[in-house]
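Chemist:
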Ligand code: NAD
Ligand code: MG
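Residue numbers (this note's numbering): 1 to 395.
Here you go:
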């Protein structure tokens, strides 16, 4: 028997992290969980440690580490507990880790993704913000480290599944790609009523069950904007060859329009376990646990052009991609701050856009060349601080 694929699952307590464990547990002996990480939710991580007995568990704070140690004491586990960003980076480069599931939310996942890329790991990338912020640096680390980068975002996995295994053929194959967007919970809502929407309404996605931040991004369409930027790096396409269409059923997960006029699509029920299973087993396929599509019961597949006035965040993302390097760092950082404030009920829903657009506009003119991680992180911090000040000044 071949050796199990040894995994580090970053963000194990999150939506993608838990779906990953669900797939892993369907295949006893095929995978071994070496590392699990979470930020603060020690109780939940302790429960996962009891389930998988990892060698190492990493948390973000000393308080969480204490809680975790107490919660697993006496359980007879091999699990050691470590704390902080440096421990996270050490965890992904371990010799006994073959593959890393990057499922931390936000730019907080960038450093560990870069470390995994440089170490030449098989990198299952759910953490789109890391690529939006890291961009060229991230892709350079993948190439230099010899890492295998496997997209987990459902749209990018769909495109990846439609393309030949030999990447050298991609440029000649692809005319353009089409990312599908469900339109989120407010697709048909009167835009005049949007300011008053609550976090509960914004995170109630019609098709997908996801973490809170990405759910808000799906409502504003910033998620699709981040995905356009993600696609630019993963598939090396200019913005005009990355298109977006509204497809409310989320059955077609994205499409490749080929040079000869053929359009290839990947279909399925909206369940992240499908792209996760493909990332785990690539280039083979394994059971994911997802409900199968039933064409007899399908009411139809519908498409609508993107309404940029309803979803101004998508235009902002395209503009940032076309603008100076660093603009996408500003976009992402301001968005993370604004969405966190909205979820905390400190900011109105339509003010998310005002804060993001205002931050990009204010800081973009002064952008100089950036290339190193510390420069990216300094810019990220500058944008966050600008966004926080803007929010304080709002009525
Ligand atoms: P989530 O909020 O459910 O989980 C986030 C995880 O990251 C948690 O385990 C949390 O403990 C950890 N975390 C949060 N902040 C951290 C920090 N500062 N340092 C270290 N760890 C931290 O999020 P999710 O929905 O699972 O999404 C994870 C990533 O995957 C995001 O980048 C998201 O855009 C992407 N993604 C998610 C889905 C989905 O269906 N949920 C689909 C496509 C892409
Ligand atoms: Mg997606």
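No residue lacks a Cβ here, since even glycine has one placed at the ideal position from N, Cα and C. None of these values were measured; they are calculated from a predicted model.
#1: Alpha carbon to alpha carbon, how far is residue 124 from residue 275? Give it in angstroms, no decimals.
#2: Only counting the same chain, and skipping five residues up and downstream in sequence, which positions put a Cβ closer than 8 angstroms to that of residue 258?
#3: I need the residues with a C-beta less than 6 angstroms from some heavy atom of the ligand MG; please give them in chain order.
#4: Which residues mark the beginning and the end of the alpha helix (DSSP H) in which residue 350 is found?
#5: What does the alpha-carbon distance come out to for the pair residue 31 and residue 260?
#6: Kindly examine the ligand NAD and report whether one of its heavy atoms sits closer than 7 angstroms to the Cβ of residue 145.
#7: Out of curiosity, what's the CA-to-CA distance linking residue 93 and residue 109?
#8: Under the rule that 16 or more other beta-carbon atoms within 10 Å means buried, what is residue 385, buried or exposed?
#9: How long is the line joining the alpha carbons of residue 430 and residue 303, rounded to whole angstroms?
#10: Taking 7 angstroms as the cut-off, does the CB of residue 20 come closer than this to any heavy atom belonging to the ligand NAD?
#11: Can you round the beta-carbon distance between residue 177 and residue 272 to whole angstroms, since I take them to be within the 8 angstroms contact cut?
#12: Pull up the distance between the alpha-carbon of residue 389 and that of residue 220, whole angstroms please.
#13: Rounded to whole angstroms, what is the Cα-Cα separation between residue 397 and residue 20?
#14: Output yes or no for whether 8 angstroms exceeds the beta carbon distance between residue 71 and residue 46.
#15: Taking the straight line between their C-alpha atoms, what separation do you get for residue 334 and residue 355?
#16: Kindly confirm or deny that the stretch 58 to 72 and the stretch 117 to 137 touch, where touching means at least three C-beta pairs closer than 8 angstroms.
#17: For residue 224, is the beta carbon positioned less than 7 angstroms from some heavy atom of the ligand NAD?
#18: Just the C-alpha distance for residue 396 and residue 243, rounded to the nearest angstrom, thanks.
#19: Would the stretch 317 to 335 and the stretch 226 to 237 be scored as touching if the rule is three or more Cβ pairs under 8 angstroms?
#20: Leaving out five residues on either side along the sequence, give the residues of the same chain with a beta carbon under 6 angstroms from the beta carbon of residue 224.
#21: With a cut-off of 8 angstroms on the beta carbons, I'd call residue 129 and residue 107 a contact; round off their distance for me.
#22: Rounding to the nearest angstrom, what Cα-Cα distance links residue 297 and residue 222 in this structure?
#23: Quick check for students: name the residue ranges of the beta strand (DSSP E) that lie wholly in the stretch 242 to 297, counting only runs of 3 or more.
#24: Are residue 253 and residue 267 touching if we call contact CB-CB under 8 angstroms?
#25: Pull the bridge partners of residue 82 from the DSSP assignment, please.
#26: CA-CA distance, residue 287 and residue 23?
#27: Measure the C-alpha to C-alpha separation of residue 140 and residue 149 and round it to an integer number of angstroms.
#28: What does a CB cutoff of less than 6 angstroms around residue 14 pick up in its chain, not counting 5 residues either side in sequence?
Modeler: Let me lay it out:
#1: As a first step, residue 275 must be located in the chain shown, where it is residue number 275. As a first step, residue 124 must be located in the chain shown, where it is residue number 124. Roughly 10 angstroms between the two C-alpha positions.
#2: One-based indexing of the chain shown puts residue 258 at position 258. So the qualifying residues of the chain are 173, 174, 175, 264.
#3: Checking every Cβ against the heavy atoms of the ligand MG under 6 angstroms gives 153, 154, 155, 227.
#4: As a working note, residue 350 is residue 350 in the chain shown. 349 to 363 is the extent of the alpha helix (DSSP H) around residue 350.
#5: Your numbering for residue 31 matches position 31 in the chain shown. Your numbering for residue 260 matches position 260 in the chain shown. Their backbone Cα atoms lie some 40 angstroms apart in a straight line.
#6: Working through the chain shown from its first residue, we reach residue 145 at position 145. Checking every heavy atom of the ligand NAD against the Cβ of residue 145, none is found closer than 7 angstroms.
#7: Here residue 93 refers to the residue found at position 93 of the chain shown. Here residue 109 refers to the residue found at position 109 of the chain shown. If I take the Cα positions, the gap works out to 14 angstroms.
#8: Position 385 of the chain shown, counting from 1, holds the residue named residue 385. Label assigned to residue 385: exposed.
#9: Because the chain spans 1 through 395 in this model, residue 430 falls outside it and cannot be assessed.
#10: Residue numbering aside, residue 20 sits at position 20 when the chain shown is read from its first letter. No - the ligand NAD has no heavy atom lying nearer than 7 angstroms to the Cβ of residue 20.
#11: Translated into the one-based positions of the chain shown, residue 177 becomes position 177. Translated into the one-based positions of the chain shown, residue 272 becomes position 272. Residue 272 and residue 177 do not touch by the CB rule: their CB atoms are close to 20 angstroms apart, not below 8 angstroms.
#12: Position 389 of the chain shown, counted from the start, is the residue given in the question as residue 389. Position 220 of the chain shown, counted from the start, is the residue given in the question as residue 220. When rounded, the distance between both Cα atoms is 22 angstroms.
#13: The question about residue 397 has no answer here: the residues shown for the chain are numbered 1 through 395.
#14: By 1-based counting over the chain shown, the position of residue 71 is 71. By 1-based counting over the chain shown, the position of residue 46 is 46. Yes; because the gap between Cβ atoms is below 8 angstroms, this pair is in contact.
#15: Along the chain shown, read from residue 1 onward, the residue named residue 334 stands at position 334. Along the chain shown, read from residue 1 onward, the residue named residue 355 stands at position 355. So the two alpha carbons sit approximately 7 angstroms from each other.
#16: no
#17: In the chain shown, the residue the question calls residue 224 occupies position 224. It does not: the Cβ of residue 224 is nowhere closer than 7 angstroms to a heavy atom of the ligand NAD.
#18: The structure shown has nothing for residue 396, since the chain only spans 1 to 395.
#19: yes
#20: For the purposes of this step, residue 224 is identified with residue 224 of the chain shown, where counting begins at 1. Excluding residues within five positions, the ones whose Cβ falls inside 6 angstroms are 181, 244, 314.
#21: Locating residue 129 in the chain shown gives position 129, where the first residue counts as 1. Locating residue 107 in the chain shown gives position 107, where the first residue counts as 1. Right, the Cβ-Cβ distance comes to about 5 angstroms (below 8 angstroms), so this counts as a contact.
#22: Counted from its first residue, the chain shown places residue 297 at position 297. Counted from its first residue, the chain shown places residue 222 at position 222. Each residue's alpha carbon lies about 32 angstroms from the other.
#23: For secondary structure counted as the beta strand (DSSP E) over 3 or more consecutive residues, the stretch 242 to 297 holds these complete runs in sequence order: 242 to 246, 252 to 258, 263 to 267.
#24: As a working mapping, residue 253 is identified with position 253 in the chain shown. As a working mapping, residue 267 is identified with position 267 in the chain shown. Against a cut-off of 8 angstroms, the Cβ pair of residue 267 and residue 253 comes out as a contact.
#25: The sequence position of residue 82 within the chain shown is 82, counting from 1. According to DSSP, residue 82 bridges with 58.
#26: Counting from 1 along the chain shown, the entry for residue 287 is found at position 287. Counting from 1 along the chain shown, the entry for residue 23 is found at position 23. When rounded, the distance between both Cα atoms is 8 angstroms.
#27: For the purposes of this step, residue 140 is taken as residue 140 along the chain shown, with counting starting at 1. For the purposes of this step, residue 149 is taken as residue 149 along the chain shown, with counting starting at 1. Roughly 12 angstroms separates the two Cα atoms.
#28: Position 14 of the chain shown, counted from the first residue, corresponds to residue 14. Same-chain partners within the cutoff: 103, 211.
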